[in-house]
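To start, the structure itself, in structure tokens.
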Ligand SMILES: Cc1ncc(COP(=O)(O)O)c(C=O)c1O
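In the working numbering, the protein residues as written are 1 to 380.
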């Protein structure tokens, strides 16, 4: 199988991640606990170690401000449901994934919040000035994806961060498509809430993610339970990260995530970004040579991640994706990619596009094989 669906989850993982998972599962897979036995302490140490790594990696407000979650969606829900209050106005965009759009739309439909959804330009980029113009006296939060999971375009997060801070708003960034491949400095970019999965470009296993809760954000606990310490307290201890982390955490997954983050640090995220965007540019050139394809978004690779979306003049996306899988053993992602608003804006709703997303281990030969297959399929 040629796997080109890294925007959904990265595969394969670095060898060091498999080794870390295996070693941890065999030797240290206890329930973490601050006051427990040696194995419980070792498991707790694995969580602490990961929080330190993430804090360095994203220049966070402290390791304890990284709250582990099930995935990116869980982190986003924790933020929205923990921060927003009745009557708040929220600014968001048509680039967002359903894990941002749906919780916000549900709160809007319930009459709890009001929502402004800004449109990206034809190249797939948000104009920061549109954010400034949309601010009202009731605006509480701006929620923006760092890169579109459909067209791969990187958004001007630092510029929007300056605007939100100047107006004393909270700024939430969905870094699902950038964490591990585009530099993120939460303090310099004025990001109050950073939500990210661990299983995409941070190269950890599925079942991992985190929410960084900056010091300006007040989040209500919505998952209360055991914390491995402070058991006498009748309610959730207010100390971070335990305040937001009730229940047995995915300590095995987090041990794998640490190995993934270390791999990215060793390789250098700029290098991984350059590799992945070079492969998407190669595919773009091949598609032009073959003809009959429309590729979406601007072509400045320094402002894109390695994700490319296109449609064929002759075959719907779903059919193309199915043939690539069944006849050529190539995994791509056809459809709407959980992001219906941007597909409406592109004019690709409801069929969607074919999304190709190489990862750090994808090769030029993989892209050439895909291009040959596309040529063969669309020649009929
Ligand atoms: C932009 C974006 N946001 C959020 C998510 C949700 O992440 P997860 O699948 O880890 O819940 C995704 C996943 O594809 C995404 O691409």
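Cβ coordinates follow ideal geometry from the N, Cα and C atoms, glycine included.
Rounded to the nearest angstrom, the gap between the Cα atoms of residue 214 and residue 61 is 6 Å.
Judged by DSSP secondary structure, residue 170 falls within the beta strand (DSSP E) whose first and last residues are 170 to 174. Not one heavy atom of ligand 1 is found less than 7 Å from the C-beta of residue 94. With respect to residue 149, residue 307 sits close: the two C-beta atoms are nearer than 8 Å. A check of alpha carbon separations from residue 52 across 42, 44, 64, 41 identifies 64 as the nearest. With respect to the 8 Å criterion, residue 345 and residue 334 are not classified as neighbours on the basis of their beta carbons. Here the alpha carbon of residue 155 sits roughly 12 Å from the alpha carbon of residue 94. For residue 354, the enclosing beta strand (DSSP E) stretches over residues 353 to 356. The closest heavy atom of ligand 1 lies 7 Å or more from the beta carbon of residue 79. Taking non-hydrogen atoms of ligand 1 into account, the C-beta of residue 145 is found less than 7 Å away from one of them. Contact between residue 358 and residue 368 does not hold, since their C-beta atoms are separated by about 12 Å, which reaches or exceeds 8 Å. For the options 124, 162, 164, the alpha carbon positioned closest to that of residue 298 is the one of 124. Counted as a single uninterrupted DSSP element, the stretch harbouring residue 191 is not any alpha helix (DSSP H), since DSSP gives it neither H nor E.
A distance criterion of 7 Å places the beta-carbon of residue 340 beyond contact range of ligand 1, judged by its closest non-hydrogen atom. Our two residues, residue 315 and residue 3, have alpha carbons roughly 21 Å apart in a direct line.
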